[in-house]
Structures are given as C-alpha cells and as structure tokens.
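Using UniProt numbering, read the sequence shown as starting at 1 and increasing by one per residue. We treat Cβ as the ideally placed atom computed from N, Cα and C, and that holds for glycine. Remember, it's a predicted structure, so these values are computed and weren't measured experimentally.
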Amino acid sequence: MPRMSSRSGWIIQSGEIRYQPTACISKLSISLHLVQTGYIEFYYKMPKNSRGLVSTVDVRNEQCQSYGSQLAALFRKDEDDITANADWKIKRLDLKRGQNLITWTIANNRELTTLADIIYVAKIDVVGLPYTSSCSKCPSGTFSSSKGNSLCQPCNENYYSKTGATSCIQCPNNQYSDTKSASCIPKPVCEKFDFYPVYGRCQDNKQTIDYIPIQPAVCQETLPNSYTKPATEHSHLCHRCSPGTERTPDGICEFCGEGLYSNGTKCERCPPKMRPNYGYYITNWEKLPVIADTSCEYATFEENKECRIKPSWIPLSDRIESATSRDKGIAMEISFNVTSGFYNPIMQENSKLSLDNPVAAVSLDAETICLDESCTLYIVQEIIEKGRFFRFLGVYNGSLSRQILSYPIFHNGNSRFIIAFMRSGAANGNDAISDKAIIYSVNMTNVGDAQHKLPKGGADSCLPCPSMDSTGRCHPCPAGHYIDSKQNLCVKCPLGTKLNRTSNQIGHESCIKCGVNMESIDGVECAFSGKLELPDNSEPSSKPMRFDLSPLKNKPLIAEGIKVFAREGNSYFHSFNVSLFGEGVKCNEKNDQSFVFAKVMDEKPNEEGEVLFCRSTAVPLNNENQTEKAVYVSSFIIGRKLASVTRNRSFKGFNLSDKDLEYDTMTQERRPIDVHFYFEPLPSHVRSCSNGTVGIVTTRCEPTATNEPQVRLPRSCPDGTCNGCMFHIIVETSNACPVCDTTDFQEIRGECIDGKQQVHYIPSKHCVLSGAQSKEKTETCTSSNGLKLLLILATILIGFLILIIFVFYQRNRSLEYRYSRIVEGHEPEEMETCGLESDDEDLDDDDSNNARVYFGRKKNDYVVGVTKTGVPNFANGIKKSAGGTAEEAKFLSDETESV
C-alpha cells in the first residue's frame, strides 16, 4: 500500500495521488509482495514546466538491496512510454518476485517551480500480486455494468454514482455535476460574470452588442436575485483599429499595404528614406484576431475531455480577459500563430541570434487579479521546426499589477505563442472564479519571411533608414553603429560603449556604457580583458593594485554544493559551472535519460546565446555499469553576461555581507584581497527576489594556490545561495593576487660562480611576480679578470687619497706651529707673513673696508686681529698716531705680556 511522508508534498485528493511543490524532499513509498514476476504501472501527468522537479525512483528487495538497473530502466525514454491521452502518460517498471519497496522521491528547485507545478497520479496498476477472493467495489463517481470487469468507468457530467454502482444516475434539472462525481450540486443564481458580450460588425462607426452565457451554462436565471442576461445593445461606438490596420467600408480592420503605415485610423505612405515598422500590434479586441485562437485544458482529469469553455478568453473591445467560467481545474489558453516567422531588415546578415541580438520582440500589456499566490500565468513560445519545442518566456504567480512584459525572440521560423492562465486553486480543482487575467495589447515586431526577406503584418510607424536601395529595401548599418535620425546617418558608438541591439538602434542612447572595468572597442560587445587596476581600499594613500586574471581564461570553474540525502532513493547535489571571459559554459542536461518520468514539453536546446553561469542538479549513479557517474537535470541559468568587475561589495540592490565573504571571523588586517565579478541580474518569478537573481564570483588572492584554482562555495551558504536570489562562488588562486612592480619586491643577488649568479626576488605581502619576473633567475656576472682590474684601480685611488690627506695634514701642522710662535712673540722679525704665501695684492682693500683682517698685511703694515677704523694699529713695533707720527711701542699688548 502507498505510504506518504507526513506533511510532505504527496497528498491524496479527489481520488488521485498528487505531488504539490514543497521546500522539503517528498517521498511516495509503495510496499508490495509479489507471488510472481510482475510490474507496476504509473498513470501520471507532469506539469507544463517540469524543469524544476528532480524525480528519482528507487526499488529495493526484501534485503533492502536496490535494483542495480532500475533507475535507468525507469527513466529511459523509449517505446515503453505510453501516451494515454495527450498530457497523460503510462510508465511501466518491472518488479521481481518477493517483497518490493518502490520509493518515488521528488525534490524541487525553488527558482524554477511554482505552486501550479503539480504531478498527478490518477492510478497505479500492479501485476504479480496474489489473487483476491473477492472483487473490490467501484468507487463513487464510477460504475461497472457487469461482474468481473478489471476497470470501473467514470460517470459523465450531470450524472453521479455511489460506491459499488452498476450505473450512473442523472442529476435533477435544478442540479448539475462534473464528470466522475459522487453527487450533484444545486445550480447557482446567475451573476454578471456568467455572461459575456459579442460585438457585431462596425457600420458608420457604430456596432451592436449581444450577450451570451459563459460555458458551461449552469446558473439559473429564474431563481430569486438572479442576474438577468442583458438585452442587445445598439449604436455602440466602434473601437479604433489596431496600429498597422485601417477599417474598410465593410467595417473590418485590415492590414495596410506594403510601404504604408497606420496608427489605427488611416494608412499612409512612409516619407523618403524611412522604412515601415512591420509587425502585429493588437489593441483592438472587438473579436479575436485572425492569428489567434483560444482553448482550455483540464489539470485534474485524466480522461479525454473536450474543453467546454468556448471561448476561454473573452474579447471586450479594448482588452481581452480570461473567461470567468464555473468549470473547475482548468487552464485557459490563448495562442497567437506566427507562421511566417520573423525578419529584421536592420540585422547584420549571418549574425548569430541570441538574447543580446534578437530578431524580434514580443511584448504584452497585461495584469492578473488573483485570490492568492497559487494562480499562475504562463507565457510560452512553441517553436515548430522538425518537431515541436517549447521555450518558457515567463511564469508569474499571484496578482500582477498592470505592466509591459517584453521578451526577445531569437528564432526566426514558424512559432506559436501560448498564454495560459490557471486561477487560484485550479491545480486542486478548487478554482477561484473571480480570478482573471487581462491583456490590453500584444505587440510582435519584425514579423516576416526571413528566407525571402518579405515583411508581414502591418506597420505602426516609420523608422529612419540611412541605406535604402532603389527597390525601397533597407540595408543595415555596420556592426556597432547606431542611426542618427536627424542626419539619417550611421554613426559608430563611442569607445567604451556597445550598441543595444534589442532597441530600435536609433539615437546615441542606443549605445550603452560598458560595466566597470569592461571594455568595448568594436561597439558590439563589452568584455573583460583580464587585466585591471583597482584602488587599495585598505589604505587610501597607497598606490593602485594591478591584477592579471587572464590565466583563468578557458579554465573550467566548477563548484559543487553539499549532498542532500533522502531516507530512501538517491541523493543529489547542485553543480555550478561558470566562466569569467565570455567563452560560455554548457548548461544543458547531460544525461540520456528523461529524469522526470516524461516531459510533457520537449524544450528547445539552448539557443539563447552564451551562458556564463549556471547550476545543474546532479544525481549520482551507483550502478557500476554506468559510464556516467551522475546525471544532470533541472539546469538553471544564473548569468548570461558579465556586467561589472570591481572590489565594491554592492551591485544593483545586491550586497555581499561580511558573512558572505567569511570576513566575520577575520580581523581587518587579515582580510584577503578580493575582486568581485557581477553578472547581469535575471528576472525571477520568486516574489522575494524583487531585483531578480544574480550570480557573483569572488576571486580571492591566495599566494599558495599556484596550480589549479580552488573553486568552492561560501561556508555560510554551502549550497551556493542562502536566499534563492544571490548565488555566490569563491575562487581562490594566486592569479587573483596583485601583480608586483619594481617597488614591490626586494632583489637579492647571490655569489658569482663561474661567471653566473642567482638573482632572487622577494615580493611584498599579497603580491605576485608577473610573467616577466620569475621568483629567481640566473644572470651572467662580471668576469674575474675584470674584477681584479677593478680592485687594482680601487687600491691605487685609495692610496692617492691617503697621500693627499697626509700632505694636507703636515701643512696644517706647520701652520699651527707658526701661529703659536706668533702668539708667543718668537717669530723672526724678517718674517712678513704667517699665513698662506700669496700675492700681496690679494689682500689689498680700500681704507674704507671695515672687514676684519687676521694676520694679514695692509699697505706694508702688520695687523694683528684688529680692525683698522678707530683702533690702534701696530707695525714693526712702531705705534702711529692719528697724524702719522711713529712712536716706540711693544709688539704685544699688555694682555700678552701678562700671559
């Protein structure tokens, strides 16, 4: 019997087993005892968007040993997959005789799943069980007309049955029931939403409006307080036609002809050197556009049941709304068929289509009004090319305020765009009838045949075309050029900017600036060269730090999260793959098995351009016969293009905390040098991620990691994210350290041996040598003969200097001796000078010179340490008066005599 974990995602509801998304791992266990070899069949339905679900099944015998080949057998996509009815599938799993324990484990990625992503299991058939002595009664809502039937048939709508019924009973006239019902319910009173308007043809700008009941028509107008169907309205003003069309005399809006455009009133020809902007621009909803149709599908009913809601979307002149049907468990769909594909006349020929270089764009002006978060709006592109592939453009839960939802299109072939709305509780069959989705306009640009270069649809405006040939065909500007509308010329985007190819490429505002430390030369792409210069935030006065991260180019940067284990079933972990230089990484599933039973929607292989940062869920395989060690499923794109390289810890509303960077356990001085790579944020349907999701790679300077970079996840978030919005990886490598310059290291030269010597470079802290400087190198040193000659010359020079010093020393002593003799008065009288012997004229001065003269001769007079003005002079022992009379005097003063 099935066993389900308490408070898990597996529940029993409306006679079915269902998995509802939950944050925890959920298990469905079935214990069986087979008397012979048999099998188990699951009759199931997967959600439209099943990428976020990781599903594994484990089968064990009575010794609790896992079947070695069951995992691959269960998930192999082959002829055993039986399509029972459209989305419903049958999967068979062979079982051995004896005790068997089948455990179906589901885990979901929060970033990829919504509340509407439910797995339905309508029934489980087992062959190999022992025969029973009695038959089981058919459950209520079903019947069996004869004994011994292996299946019970469901009752049709407006019929019901009790347990063990042999036939179904019709409901009374004032009651109704759905298919497979156990009872009938009274028909409710009619309300305003039970009717919808149908617009007649416009004549003389007026039209009629009739009202029709929304299907299924189960309300009773005869009951008291019931809303009565409105009467036909006449002379209602017509709504303006959609842009690119005009109203014909018959009152029908038709596309303008080639070379014409319209705002919805009258078609006019474009001026010279202007091209029509062709596409589908739908704003008139008097009736469904010719390219649109509506349908619905039932989420909870496993039989082939035709959609009873026609139409499932109601045109209301200026908008279209999902039908307020009383039917339950439904998804209401409207689709727009673009059979011609897309053609962009200003796109470079043979250029690769991608999210950054789309061929067209699809946008909606829409809103949703919901009771709770379980309502879901899906927007899907179905690509019809050698099969059918699906690309989810957007998934939105809960009420959505009116806004423009825009999506780039990079497939130019036949496509169909599906908008599906599930009301609150629809996944469980408890629809909130008041929920509705509203679309005000749908725009699809560049509709046309790319192969024959023919536009389709109508033009809402005219755009400048600098290069137009004689046939009126517009030719694109060179790559990286925008259109100057005033001069009608192609102008190259400035250096450091790139052309926004998702815009109309008109005006200089179409050139967007590259991110921090990103470069663009050709105006087409912004890229990171690997070399950058950043300020040292730890010391404002210090010089900038230079980095060279180019060695990380073309190196795989892969990080693995912690393993998550289930009690039964396989464990799994998340694997992150990232590139910092735009070469792209593979983010597709790498297994040959369809790991979620069977995907209802086969997704188109990734053609959205290069993916630089992604996460996949890896499920290890324990079977030794498997060549692969793990299968990778549920890939999740985190970053498509690099936006900024900086040391700043904030980017577009995201912040790296000390805990994220593991700084909370470090002092300020011990914090490493980090450089942060921020990827452009991507939109997210998770309400808590208002800024979208972002990928961040921190390259950390680790001088000891000189070989391969060490890629890991932060210790605070061992699964790569703590909130589901910011995904963070740390790369530790010496290549992330600043590069030394000549002032950052000390040079030490070794001994010269045989003309060679070792030169060692000792770098400063957090600094690595560039490729031009290795940690040590060998240089040719000076020869021994040259060294000897140098020593001899040095010895001679030193000897000469010593001799000069000795001569000056002896002369100094002689002068000192003479001076002392003069002071003592023992110098011979014939001695005329005791100073340096030089020309007498060298000391001649005018009488007016007041400078001091020491031991000099002035006009044949000896002077001793006095000035010549107002002070007695002595010469040859004769004292002269003011009149010039000589007197006998002693050579020395009285003070000298007293000495």
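Nearest-angstrom beta carbon gap, residue j and residue i [assumed within contact, 8 Å]
i       : j       : result
Thr-245 : Cys-238 : Incorrect: roughly 13 Å between the Cβ atoms, too far for contact.
Leu-371 : Ser-434 : 7 Å
Lys-553 : Phe-581 : 5 Å
Ala-427 : Ser-374 : 7 Å
Ile-334 : Asp-431 : Going by Cβ atoms, the distance from Ile-334 to Asp-431 rounds to 18 Å, so no, they are not a contact pair.
Arg-18  : Ile-25  : Actually they are not in contact, since the Cβ atoms of Arg-18 and Ile-25 sit about 16 Å apart, beyond 8 Å.
Thr-163 : Pro-188 : The pair is not a contact, with the Cβ atoms about 27 Å apart (cut-off 8 Å).
Thr-232 : Ile-209 : 7 Å
Ala-182 : Tyr-160 : 6 Å
Ile-558 : Phe-576 : 7 Å
Val-447 : Phe-336 : Incorrect: roughly 10 Å between the Cβ atoms, too far for contact.
Arg-275 : Pro-345 : 7 Å
Val-121 : Val-633 : In fact, because the Cβ distance is near 20 Å, the residues do not count as touching under 8 Å.
Cys-20  : Ile-124 : Inspection of the sequence shows that residue 20 is occupied by Gln rather than by Cys. Their Cβ separation, rounded to whole angstroms, is 18 Å, which puts Gln-20 and Ile-124 out of contact at 8 Å.
Reference residue i; option with closest CA among the options
i       : options                               : result
Leu-353 : Leu-405, Asn-412, Arg-391 and Val-619 : Asn-412
Ala-459 : Gln-207, Ser-734 and Leu-260          : Leu-260
Leu-151 : Asn-158, Thr-166, Ser-262 and Tyr-160 : Thr-166
Ser-650 : Asn-691, Pro-672 and Pro-620          : Asn-691
Asp-522 : Tyr-482, Asp-548 and Asp-536          : Tyr-482
Ala-705 : Asn-357, Val-731 and Val-739          : Val-731
Ala-736 : Cys-722, Val-711, Phe-727 and Ile-753 : Val-711
Ile-369 : Tyr-19, His-676, Gly-398 and Arg-473  : Gly-398
Gln-451 : Ala-331, Glu-533, Asn-350 and Ser-485 : Asn-350
Thr-445 : Arg-473, Tyr-407, Cys-202 and Asp-469 : Tyr-407
Glu-157 : Ile-102, Ala-217 and Cys-752          : Ala-217
Ile-550 : Glu-254, Ile-558, Pro-272 and Leu-532 : Note that residue 550 is Ser in the sequence shown here, rather than Ile. Ranking the options by Cα distance to Ser-550, first place goes to Leu-532.
Ile-673 : Leu-682, Arg-687 and Thr-698          : Thr-698
Glu-702 : Ile-106, Pro-714, Leu-713 and Thr-733 : Thr-733
Ile-252 : Ser-226, Leu-288, Leu-355 and His-234 : Leu-288
Pro-197 : Ala-182, Ile-214 and Cys-184          : Ile-214
Thr-56  : Leu-32, Ser-183 and Leu-93            : Leu-93
Glu-385 : Cys-740, Leu-489, Asn-414 and Thr-113 : Asn-414
Ile-409 : Gly-394, Arg-423, Gln-403 and Arg-402 : Gly-394
Gly-584 : Ile-558, Glu-560 and Arg-640          : Arg-640
Ala-479 : Pro-272, Tyr-159, Val-524 and Gly-429 : Val-524
Val-614 : Val-631, Ser-177, Val-578 and Ile-169 : Residue 614 is actually Cys in this sequence, not Val. Per the Cα distances, Val-578.
Phe-562 : Ile-512, Ile-506 and Val-619          : In the sequence as presented, Phe is not what sits at residue 562; that position holds Ile. Closest option to Ile-562, Cα to Cα, is Val-619.
Cys-587 : Gln-207, Asp-194, Phe-573 and Ser-616 : Ser-616
Bridge partner(s) assigned by DSSP for residue i
i       : result
Tyr-817 : Its beta-bridge partners do not exist; DSSP assigns none.
Leu-237 : Lys-206
Pro-551 : Bridge partners of Pro-551: none, in fact.
Val-447 : Phe-342
Met-347 : DSSP, once it has assigned bridges, lists no residue as partnering Met-347.
Met-468 : Cys-474
Lys-513 : Thr-497
His-481 : Lys-492
Gly-38  : Leu-95
Leu-364 : Leu-405 and Val-442
Arg-640 : Paired residues: none, contrary to the question.
Met-545 : Leu-534
Ser-620 : According to the sequence as given, residue 620 is Pro; it is not Ser. Answer is Ala-630, bridged to Pro-620.
**Prompt:** Using 8 Å as the threshold, is the region 308-325 in touch with the region 429-444, meaning 3 or more CB pairs across them?
**Reply:** Contact between the region 308-325 and the region 429-444 is present, with at least three C-beta pairs closer than 8 Å.
State whether the region 407-425 contacts the region 365-384, with contact taken as three or more CB pairs (one from each stretch) at a distance under 8 Å. Yes, since at least three Cβ pairs between the region 407-425 and the region 365-384 fall closer than 8 Å, the two stretches touch.
Contact the region 746-756 vs the region 708-726: 3+ CB pairs below 8 Å: Result no; under three Cβ-Cβ pairs closer than 8 Å.
Requested in this report: For the UniProt domain "Elapor1/2 TNF receptor-like" (240-279), list the beta strand (DSSP E) runs that are entirely contained and at least 3 residues long, ordered along the chain.
Outcome: As far as the UniProt domain "Elapor1/2 TNF receptor-like" (240-279) is concerned, its whole beta strand (DSSP E) runs of at least 3 residues are 245-247 and 253-255.
* Asked: Touching or not, the region 545-560 and the region 496-516, by the rule of three or more beta carbon pairs under 8 Å?
  -> The answer is no - the region 496-516 does not touch the region 545-560, with fewer than three Cβ pairs under 8 Å.
Are the region 122-136 and the region 32-39 in contact at 8 Å, needing three or more beta carbon pairs?
Yes, the region 122-136 is in contact with the region 32-39.
Query raised in the report: Quick one: any contact between the region 50-61 and the region 92-100, if contact means 3 or more CB pairs under 8 Å?
Result: Counting C-beta pairs with one atom in each stretch, the region 50-61 and the region 92-100 have three or more that are closer than 8 Å, which means they touch.
Q. Which ranges does the beta strand (DSSP E) cover as unbroken runs of at least 3 residues, wholly within the region 307-336, from first to last along the chain?
A. You should have 313-315 and 320-322.
| query | Counting pairs of Cβ atoms below 8 Å between the region 307-320 and the region 466-483, do you hit three or more? | reply | Pairwise C-beta distances place the region 307-320 out of contact with the region 466-483, as fewer than three of them are shorter than 8 Å.
Does the region 678-695 come into contact with the region 650-663, if we say contact requires no fewer than three beta-carbon pairs (one atom in each stretch) closer than 8 Å? Segments in contact, yes.
| Is there contact between the region 641-649 and the region 753-762, where contact requires at least three CB pairs shorter than 8 Å? | No, the region 641-649 does not touch the region 753-762.
_Runs of beta strand (DSSP E) lying entirely within the region 165-200, each at least 3 residues, in chain order_ = Whole beta strand (DSSP E) segments, 3+ residues: 195-199.
Checklist line | Ordered list of alpha helix (DSSP H) runs contained in the region 683-747, each at least 4 residues | finding: The region 683-747 contains no whole alpha helix (DSSP H) run of 4 or more residues.
Give, in chain order, every unbroken run of the alpha helix (DSSP H) that is at least 4 residues long and sits entirely within the region 134-169. You should have found no qualifying run.
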